[in-house]
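S.K.: Below you'll find the structure I mean.
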Amino acid sequence: MGRPRKFKTAKALEEAWEDFKVWCDNQSVLTHEFSAKNSEFVSKALKRSITYTIEGFCVHVGLARRAFYDTYADDPRFSHIVTRMKEECEIDARMKFELGMIDPKLAALWMSKHGYSTKTENNVSGSVPVVISGDDELED
Numbered sequence: 000m001g002r003p004r005k006f007k008t009a010k011a012l013e014e015a016w017e018d019f020k021v022w023c024d025n026q027s028v029l030t031h032e033f034s035a036k037n038s039e040f041v042s043k044a045l046k047r048s049i050t051y052t053i054e055g056f057c058v059h060v061g062l063a064r065r066a067f068y069d070t071y072a073d074d075p076r077f078s079h080i081v082t083r084m085k086e087e088c089e090i091d092a093r094m095k096f097e098l099g100m101i102d103p104k105l106a107a108l109w110m111s112k113h114g115y116s117t118k119t120e121n122n123v124s125g126s127v128p129v130v131i132s133g134d135d136e137l138e139d
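Its first residue numbered 0, the sequence shown is counted upward by one per residue in numbering that gives the first Met the number 0.
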């Protein structure tokens, strides 16, 4: 028998996930800029958001990622919330790219975690019909 579960119900896991998203969306960052007007550095606290990840959630709640997947992803009682968590991570990352909150140069790195690829298919299978018409047919 393993260790006791951190989350006894799907509802408890869902609530922890919602708390994590609020935490991610409300990070406080201290910035420093030089004010030419006052000839001094000015500090300002800004609210920023960080991207949702399963890994970040696990760190936030004090649970190893492997234990999370072994305990919750494989359990039918929790699988729906785990699936939703993965989907929300993907959508959150996509939104932040599309809104310019994350540098587009990092898109391939971030989105590869969700099954996206920058590779394109060059092979065309099957036959493609080619229609050649004479000049007299075009004049009709």
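From the three backbone atoms N, C-alpha and C, an ideal C-beta is built for every residue, glycine too.
So, do the stretch 25-44 and the stretch 62-74 have three or more beta carbon pairs nearer to each other than 8 Å?
M.R.: no
S.K.: If we count Cβ pairs, one from each stretch, closer than 8 Å, do we get three or more for the stretch 93-106 versus the stretch 22-30?
M.R.: no
S.K.: In the DSSP assignment, what are the bridge partners of alanine 44?
M.R.: Position 45 of the sequence shown holds residue 44. Its beta-bridge partners are Leu29.
S.K.: Just to confirm, does alanine 106 get its C-beta within under 6 Å of one of the non-hydrogen atoms of the ligand SAH?
M.R.: As far as ligands go, the structure on display features none, and thus does not contain the ligand SAH.
S.K.: Looking only at its own chain, which residues have a Cβ that is under 6 Å from the Cβ of arginine 47, when we skip the five neighbours before and after it?
M.R.: Position 48 of the sequence shown holds residue 47. Closer than 6 Å at Cβ, skipping near neighbours: Gln26, Val28.
S.K.: On the DSSP bridge list, what partners appear for serine 78?
M.R.: One-based indexing of the sequence shown puts residue 78 at position 79. Bridge partners of serine 78: none, in fact.
S.K.: Within the same chain, show all residues whose beta-carbon is closer than 8 Å to that of glycine 55, passing over the 5 residues directly before and after it, in chain order.
M.R.: What you label residue 55 is simply residue 56 of the sequence shown in a count that begins at 1. Closer than 8 Å at Cβ, skipping near neighbours: Phe19, Cys23, Ile49.
S.K.: Starting from phenylalanine 19, follow the alpha helix (DSSP H) in both directions and report where the run begins and ends.
M.R.: The residue labelled residue 19 in the question sits at position 20 within the sequence shown. Its alpha helix (DSSP H) spans residues 9-24.
S.K.: Using a Cβ-Cβ cut-off of 6 Å (strictly less than) and excluding sequence neighbours within five positions of glycine 15, which residues of its own chain qualify?
M.R.: Indexing the sequence shown from 1 puts residue 15 at position 16. Here the sequence assigns alanine to residue 15, which means glycine is not the residue at that position. Cβ within range, chain order: Val60.
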